[in-house]
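Peer 1:
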Amino acid sequence: MRALKEHLKAIVKDIHIAIDQLLSLCLLSFESLNTARSKDLCLASIEEAFFAPLWTALVALFRKVYMDREQAYEISAKLYQDASPGDVGVPLKLFPQEPGALQGSYPYESAVQELRLLTTDRCPQRKLECIDYSSLNEVESTPKTAAIGADDLLPILSFVALQCRCPQLVSECAALEEFIHEGYLIGEEGYCLTSLRSALAYVESLHAISALPAHKLT
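Numbering follows this note's numbering, with no gaps: position 52 of the sequence shown is 61.
#1: May I ask you to report which of helix, strand or coil DSSP gives residue 25?
#2: In terms of alpha-carbon separation, which member of 207, 205, 187 and 201 lies closest to residue 28?
#3: Round the Cβ separation of residue 165 and residue 103 to the nearest angstrom and send it over; I've been treating them as touching at under 8 Å.
#4: Once DSSP output is grouped into helix, strand and coil, what is the label at residue 121?
#5: Quick test of your reading: residue 137 and residue 185, contact by CB under 8 Å. State the CB separation rounded to the nearest angstrom.
#6: Could you tell me the distance, in whole angstroms, from the CA atom of residue 209 to the CA atom of residue 82?
#7: Over what stretch of residues does the alpha helix (DSSP H) that includes residue 91 continue unbroken?
#8: Measure how close the beta-carbons of residue 215 and residue 88 come, nearest whole angstrom, since I'm counting them as under 8 Å.
#9: With a threshold of 8 Å, are at least 3 pairs of Cβ atoms found where one atom belongs to the stretch 49 to 66 and the other to the stretch 117 to 135?
#10: Among 84, 63 and 44, which one has its Cα closest to the Cα of residue 268?
#11: Between the stretch 59 to 78 and the stretch 92 to 103, do at least 3 Cβ pairs fall closer than 8 Å?
#12: For a minimum of 4 consecutive residues, which ranges assigned as the alpha helix (DSSP H) are wholly contained in the stretch 124 to 211?
#13: Between the C-alpha atoms of residue 163 and residue 25, what's the straight-line distance to the nearest angstrom?
#14: Identify, in the order they occur along the chain, each residue of the same chain with its Cβ nearer than 6 Å to the Cβ of residue 17, setting aside the five sequence neighbours on each side.
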């Protein structure tokens, strides 16, 4: 496993070098691109073309490295498949109690569906946007009389991550943190990615702490 991690680390470094070189060539060739806005657009175009043929193989390598964490997530997702938002710390005021008040068949269904789309794309930036859209759907899924605070996002994301039942999210998010430009990581989208990784880590730990009542685990 150590050799595999070192191999992945070397590949990540090579990819960063290659993208930086491509960006430098573009900026040298077209002086008009030498503005912050143009650099962002240029980088987005490079990454979309660069990662499209590589992402499937790349994430397969990440999944080998993060296999134990994916397995922990999968076990927790099965054990807690019947958990309610309240079971993972979402305040009662933030999700409908009556079935007729739900926008889908279960709370935050639209956010779950949006997050599942993350694994279908091959561009890191679009994957990051998918996480951001999922977070926005969480806000829209809450009762209009309640407001979501910063501390509420993590438990809501934890419930959404449970409902996704997609172990690959663990490796996908780890890969995104490696390849998303640092300028995005300090903004709203980066905050959503960091929050999702924390939520996934929490889900991974659930099978070990048995936080739910016994009847919820059967």
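Each residue gets a CB set at the ideal place from its N, CA and C atoms; glycine is no exception. Being a predicted model, the structure only gives us computed values, none of them experimental.
Peer 2: Let me lay it out:
#1: By 1-based counting over the sequence shown, the position of residue 25 is 16. The answer is helix: DSSP assigns residue 25 an H, G or I state.
#2: The residue given as residue 28 occupies position 19 in the sequence shown. The shortest Cα separation from residue 28 among 207, 205, 187 and 201 belongs to 187.
#3: The residue labelled residue 165 in the question sits at position 156 within the sequence shown. The residue labelled residue 103 in the question sits at position 94 within the sequence shown. Contact between residue 165 and residue 103 holds: their C-beta atoms lie close to 7 Å from each other, under 8 Å.
#4: As a first step, residue 121 must be located in the sequence shown, where it is residue number 112. The answer is helix: DSSP assigns residue 121 an H, G or I state.
#5: Your numbering for residue 137 matches position 128 in the sequence shown. Your numbering for residue 185 matches position 176 in the sequence shown. Right, the Cβ-Cβ distance comes to about 6 Å (below 8 Å), so this counts as a contact.
#6: The residue you call residue 209 lines up with position 200 of the sequence shown. The residue you call residue 82 lines up with position 73 of the sequence shown. Each residue's Cα considered, the two are about 7 Å apart.
#7: In the sequence shown, the residue the question calls residue 91 occupies position 82. For residue 91, there is no enclosing alpha helix (DSSP H), as DSSP gives it neither H nor E.
#8: As a position in the sequence shown, residue 215 is number 206, starting the count at 1. As a position in the sequence shown, residue 88 is number 79, starting the count at 1. The distance from the Cβ of residue 215 to that of residue 88 is about 7 Å, consistent with a contact at the 8 Å cut-off.
#9: Contact between the stretch 49 to 66 and the stretch 117 to 135 is present: 3 or more CB-CB pairs across the two stretches fall below 8 Å.
#10: This structure cannot speak to residue 268, because the chain is shown only from 10 to 227.
#11: No, they do not touch.
#12: Taken in chain order, the unbroken stretches of alpha helix (DSSP H) that lie wholly in the stretch 124 to 211 and span 4 residues or more are 133 to 150, 159 to 173, 177 to 188 and 191 to 194.
#13: To locate residue 163, count along the sequence shown from 1; it is residue 154. To locate residue 25, count along the sequence shown from 1; it is residue 16. Those two C-alpha atoms are separated by around 30 Å.
#14: For the purposes of this step, residue 17 is identified with residue 8 of the sequence shown, where counting begins at 1. Contacts found: 70 and 74.
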